[in-house]
Structures are given as C-alpha cells and as structure tokens.
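Per our numbering, the sequence shown runs over residues 119 to 407. The beta-carbon is built from N, C-alpha and C at its ideal position, and this holds for glycine as well. This report concerns only the one structure given below.
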Amino acid sequence: MNKALVAGIQTGGLPLTPPVGNATAYIQAVNRLPILSAEEEHELAVYLHRDHDLNAARRLVLSHLRFVVYVARSYAGYGLPLADLIQEGNIGLMKAVKRFDPAVGVRLVSFAVHWIRAEIHEFILRNWRIVKVATTKAQRKLFFNLRGAKKRLGWMNPQEVDSIARDLGVKPETVREMESRLSGHDLAFDMGVDDNDDARQVPAGYLPDQRYDPAVAVEEEDWGRHNTKRLRGALEGLDPRSRDILARRWLAEEKTTLQELANQYGISAERIRQLEKNAIGRLRAALAT
Numbered sequence: 119m120n121k122a123l124v125a126g127i128q129t130g131g132l133p134l135t136p137p138v139g140n141a142t143a144y145i146q147a148v149n150r151l152p153i154l155s156a157e158e159e160h161e162l163a164v165y166l167h168r169d170h171d172l173n174a175a176r177r178l179v180l181s182h183l184r185f186v187v188y189v190a191r192s193y194a195g196y197g198l199p200l201a202d203l204i205q206e207g208n209i210g211l212m213k214a215v216k217r218f219d220p221a222v223g224v225r226l227v228s229f230a231v232h233w234i235r236a237e238i239h240e241f242i243l244r245n246w247r248i249v250k251v252a253t254t255k256a257q258r259k260l261f262f263n264l265r266g267a268k269k270r271l272g273w274m275n276p277q278e279v280d281s282i283a284r285d286l287g288v289k290p291e292t293v294r295e296m297e298s299r300l301s302g303h304d305l306a307f308d309m310g311v312d313d314n315d316d317a318r319q320v321p322a323g324y325l326p327d328q329r330y331d332p333a334v335a336v337e338e339e340d341w342g343r344h345n346t347k348r349l350r351g352a353l354e355g356l357d358p359r360s361r362d363i364l365a366r367r368w369l370a371e372e373k374t375t376l377q378e379l380a381n382q383y384g385i386s387a388e389r390i391r392q393l394e395k396n397a398i399g400r401l402r403a404a405l406a407t
C-alpha cells in the first residue's frame, strides 16, 4: 500500500482544502486539483473500505470536486445559486464515497453521479418554489424530465404531451398539470417602494386585512374564553395528585422534575411519568368532546 498517496497533505503544491466564500475562486481551485488514476483511486478506495482511513476519503472526495461542479452547472436553469447547487452536490459525493465498494469494479465517478444528482434534485425541489411542485416519486421524475423536454419543445401540443406521458409512464393529465405548475411563478406578497403602480396585482393589494376587524377580535376572544373554561373543567375532573403533577410539570414557571415529585409522593419517577401521561390523555379526551 502506498502510504504517501493516502497521507499526502499537498497535491501538486496545492492544499487539499479548496477556498470557500467565493464560487469563482473555488471552481478555479478544484479544477487545478489533479485527477486520480484508476490505480490510485482503487488503492485509496481499498484503504478506506478496509481501514476507514479519513485521509483516503478526503483524497477521493477532492479529486472528484470538479465533477460535482460540472453536474451542478447543468442545473443552472432553475434560478438557484450555483454555489448552493455545488454544496448539495458535494454532500452527495461524500455519501457516495462513504458507500463506494472498490470490489464492484467500477470507477467512483460512475457510482457517485447518482448520489450527486439525487442531492441536487432534493435541494431544487425544496427551494425552487415556495409551494412545492412535486411531492411524489412520479411527480419528481416528471418535474426534471419535463423541464428538459420544455427546453426543446416550448409549449407542448397534445401529441407531445401524450408522447411524454408514454415515455414516463404517467397519465397525460399529470403531464399537463406539471406543465402548468412549471409555467407559474412565485409572486411577492407586497411590492417594494421601487415597484410600479400595479400594487393591486399582488396579494397585499386585494386580500382583506382582518387584524383590526372587530368581529374577528370578538370571535377570537370568545373562543379563547370558551377553551379556557373547558380546560379548567377538564382539570377539575382529575384527581388531586394528577392535577398537582400537571400543574407543577407544565404550568409552573419553574418546572419540577420527575424525581422531585417521586420523592414527595414516595413513588418511582417512572410512576410519576405514567401518571402525567395518563392525565394528559384524559385532558385531550375531555377537550375533544
């Protein structure tokens, strides 16, 4: 085993930790990091898989950072910062390195690309829209495939919708629904001071403000009194010990520990926990009726 390959702190005079805070400098740095040969990659992977050596894992990750940048750039059309896409892709790369088995006989890049894309996909789906456009596995597959198709086809006609539906194994209605979601855009609740006079087109321009509506205030106050009355009635239905446990565990400013209550009542802390759980259950049942 070539220990110098694993333990080397410098690679071609470059530090093994790329710069952070500047995406351009980061990309330039990772592009200067040398690519491992197949033999070096296999040797490092064996060392990591067998001995869990972190230096080997670091070398494997660093040698593939430029590939993460390459994959992340292919998702630039979603309007998300490239630096964030790269960061998520790096997480996928680290997961792939951790799970990579050199005995399989494939290069790490072929194995890691699926993990890198999966992390980037999850990030896009979490952040592309305030309202999620895809929640099920089929919708996620359709989301990414349909965006690629729309770049080539523009607004799809019925034949193109049917073709995509057959290729992805979904209904044409699902394709049309996803297309409409992709065609929409998030809208700010209100407009800034530099915006034009079309403020009525944003939600703040036409949604009613109910904060100062007397009817709403009276309704909320009445509902609060009603719930307080029901809670007091439910508490009065408990035995004194259970009521005292709940009051000191949940209502007092300084919460009493289970052990302190156990010492007072001469029972175990586990028994106090059971009494507390039973009392809460009885309160919930009383308030649900």
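### Task
Can you give me the Cβ contacts of V164 inside the same chain, cut-off strictly under 6 Å, excluding the 5 residues immediately before and after it?
P220
### Query
Rounded to a whole number of angstroms, what is the C-alpha to C-alpha distance between L200 and A283?
31 Å
### Task
Could you tell me the boundaries of the alpha helix (DSSP H) in which K216 lies?
200 to 217
### Message
Using a 10 Å radius around the Cβ and a threshold of 16 neighbouring Cβ atoms, would you call L211 buried or exposed?
### Response
Counting Cβ neighbours within 10 Å, L211 comes out buried, since at least 16 surround it.
### Query
With distances taken between CB atoms, is the gap from R177 to L198 smaller than 9 Å?
no
### Task
Please determine if the stretch 396 to 406 and the stretch 359 to 374 are in contact, where contact requires at least 3 C-beta pairs separated by less than 8 Å.
yes
### Query
What's the C-alpha gap between L349 and F218?
56 Å
### Query
Using DSSP with H/G/I as helix, E/B as strand and the rest coil, what is H182?
coil
### Message
With H, G and I counted as helix, E and B as strand and the rest as coil, what does DSSP make of N275?
### Response
coil
### Task
State buried or exposed for H182, treating a residue as buried only when at least 16 other CB atoms are found within 10 Å of its CB.
buried
### Task
Run the CB neighbour count on W368, radius 10 Å, all protein chains shown included, and call it buried at 16 or more, exposed below.
exposed
### Message
Quick check on the DSSP output: the alpha helix (DSSP H) that includes W233 runs from which residue to which?
### Response
226 to 245
### Query
Looking at the unbroken alpha helix (DSSP H) that takes in I385, where does it start and where does it end?
Under the DSSP assignment, I385 falls outside any alpha helix (DSSP H); it carries neither an H nor an E label.
### Query
With DSSP run on the structure shown, which of helix, strand or coil describes G197?
Coil at G197, not helix or strand.
### Task
Could you check if V334 is buried or exposed, using at least 16 other CB atoms within 10 Å of its CB as the buried criterion?
Label assigned to V334: exposed.
### Distance, A352 Cα to S386 Cα
26 Å
### Query
Near L194, which residues of its chain fall below 7 Å by C-beta distance, leaving aside the five closest residues on each side in sequence?
Here residue 194 turns out to be Ala, not Leu, going by the sequence shown. Within the same chain, A194 has close Cβ partners L200.
#### Entry: Distance, A406 Cα to E388 Cα
27 Å
### Beta-carbon separation (whole angstroms), A380 vs I390, contact threshold 8 Å
5 Å
### Query
Which whole-angstrom value is the C-beta distance of I238 and L203, which I expect to be below 8 Å?
6 Å
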